[in-house]
Amino acid sequence: MELGKFIQQNNEQWGKYNAFIPNPFPPKGGFGFPESLIKQDAQAQHFVSTLNGITKLLPDVDFFIFMYILKDASSSSQIEGTGATMLDALEAEAKIGSDLPEDVDDIIHYIKALNNGIDALKEIPISERLIKKLHKDLMAGARHTQYPHPGKFRHDQNWINGTSPRDAKFVPPPSHELSRTISDWEKFVHVDDNLLPLTKAALLHAQFETIHPFRDGNGRTGRMLTTLYLREAGLLEKPVLFLSAYLKKHQQVYSNRLLGYSNGEINEWIQFFLSGVSEIAEEAIETVYKITKLREQDILQIQGMDKRSSKSAIEVLPKLFALPIVDTSIIQKWTGFTRNGSQKLIDRFVDLGILSLRDVNKKYNKSYIYKNYVDIFYKIHTGE
Numbered sequence: 001m002e003l004g005k006f007i008q009q010n011n012e013q014w015g016k017y018n019a020f021i022p023n024p025f026p027p028k029g030g031f032g033f034p035e036s037l038i039k040q041d042a043q044a045q046h047f048v049s050t051l052n053g054i055t056k057l058l059p060d061v062d063f064f065i066f067m068y069i070l071k072d073a074s075s076s077s078q079i080e081g082t083g084a085t086m087l088d089a090l091e092a093e094a095k096i097g098s099d100l101p102e103d104v105d106d107i108i109h110y111i112k113a114l115n116n117g118i119d120a121l122k123e124i125p126i127s128e129r130l131i132k133k134l135h136k137d138l139m140a141g142a143r144h145t146q147y148p149h150p151g152k153f154r155h156d157q158n159w160i161n162g163t164s165p166r167d168a169k170f171v172p173p174p175s176h177e178l179s180r181t182i183s184d185w186e187k188f189v190h191v192d193d194n195l196l197p198l199t200k201a202a203l204l205h206a207q208f209e210t211i212h213p214f215r216d217g218n219g220r221t222g223r224m225l226t227t228l229y230l231r232e233a234g235l236l237e238k239p240v241l242f243l244s245a246y247l248k249k250h251q252q253v254y255s256n257r258l259l260g261y262s263n264g265e266i267n268e269w270i271q272f273f274l275s276g277v278s279e280i281a282e283e284a285i286e287t288v289y290k291i292t293k294l295r296e297q298d299i300l301q302i303q304g305m306d307k308r309s310s311k312s313a314i315e316v317l318p319k320l321f322a323l324p325i326v327d328t329s330i331i332q333k334w335t336g337f338t339r340n341g342s343q344k345l346i347d348r349f350v351d352l353g354i355l356s357l358r359d360v361n362k363k364y365n366k367s368y369i370y371k372n373y374v375d376i377f378y379k380i381h382t383g384e
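Quick note on numbering: the sequence shown equals residues 1 to 384 in UniProt numbering.
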């Protein structure tokens, strides 16, 4: 199926090159997906529905969402070349560590943008306005990216790979095509059609990346939009499905499938996307079970402490799920204890195997990690 044509442009700056000009979207004749793709969508939908139900077992789904947003932010930023890790981002959130990579700031901006987007979705539908808001929050003031036009569509030609549009791997539509193509995209989000929502999410992501409306930050903005669309489409009560880790793991295939999409290989792209939905949803379901088991196990250990210590520890444990890297100042803030009292409580957690000292060679400014909890997310995140 042809979604557009490569048409020669004659640009004063770049000379002659071919840019992709999308056809009106969606195609008038529809997509005509094969039965195998419809079955794959149904299987992915089953996993998403199971995840949606099982997250209700968590005592506080918000800490689960926070860790997944952190994981998604790290993976999505790494796809674009960021070197900082999920642990770096955790340290930055805890305000622990002064020697963090500079590009951890890109991850923190992603977290802020996605959180703001989730909140904004309560009042603003997915639209050009929301797209620009996501991009502005993502790029404005980011130390590493230093993007000069946050929240504004480009007014010049961009390209993917290569040194210019002439030798690029892919050249998105020229800037004068953005108004039409984004308008088509936005209408497609809200049109009442018979498309299955996960398949539609795949189409929306690929079409957005094909348009590439910003000079920079398109991939991260597009991946955030996928999360928001799954929420707006009613597939999830809470935003608990994030695909960036899967896309990072299969980064080359991801890139090739998006390129293939512009050449009409739509089914191949959707198959890849739906496989990711199933894989990530299954992983998240397993994560819920692991968190629940760990929580019960650690509560039992805490209950074996003396009454006074156990009361304080029970109050601190849920906070560790939200911020699993701490130092004495954080425990002081949570409990109101003195520095000495906070250190004693940390030591009890260390004795129980709940917290671990992060750097045994450090004499001062020591920090501790809820390792068993972080490993549930981080080992999967790093592929260990």
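Note that beta-carbon positions come from the ideal geometry of N, C-alpha and C, so glycine has one too.
The structure displayed is predicted, hence computed values, not measured ones.
>> Which residue wins for smallest C-alpha separation from Lys249, given the options Ser74, Asp60, Val171?
In response: Ser74
> If you draw a straight line from the C-alpha of Val240 to the C-alpha of Tyr261, how long is it?
Replying inline: 27 Å
> Does the distance from the C-beta atom of Thr181 to that of Pro22 stay below 8 Å?
Replying inline: yes
>> Tell me the residue span of the beta strand (DSSP E) that contains Pro22.
In response: 15–22
>> Please tell me whether Ala168 and Pro197 are closer than 8 Å, where the distance is taken between their beta carbons.
In response: no
>> List, from N- to C-terminal side, the alpha helix (DSSP H) runs of 4 residues or more that fit wholly inside the segment 295–345.
In response: 307–322, 328–335
>> One question on the structure: do Ser175 and His155 come within less than 8 Å of each other, judged by their Cβ atoms?
In response: yes
> Helix or strand or just coil, what does DSSP make of Asn116?
Replying inline: helix
>> Once the 5 residues before and after Trp14 are set aside, which same chain residues still bring their CB inside 6 Å of it?
In response: Ser164, Pro165
> Less than 8 Å separating the beta-carbons of Asp88 and Pro101?
Replying inline: yes
>> Going residue by residue through the segment 167–196, where are the continuous alpha helix (DSSP H) segments of at least 4 residues, counting only ones entirely within it?
In response: 178–190
>> I need the DSSP call for Lys136, collapsed to helix, strand or coil.
In response: helix
> What does Gln271 pair with, by DSSP beta-bridge criteria?
Replying inline: Its beta-bridge partners do not exist; DSSP assigns none.
> Any idea what DSSP makes of Ile7, helix, strand or coil?
Replying inline: strand
>> In the DSSP output, what is Ile160 paired with across the bridge?
In response: Phe170
>> Quick check on the DSSP output: the alpha helix (DSSP H) that includes Glu93 runs from which residue to which?
In response: 86–94
> Are the segment 364–371 and the segment 319–329 touching by the rule of at least three beta carbon pairs closer than 8 Å?
Replying inline: yes
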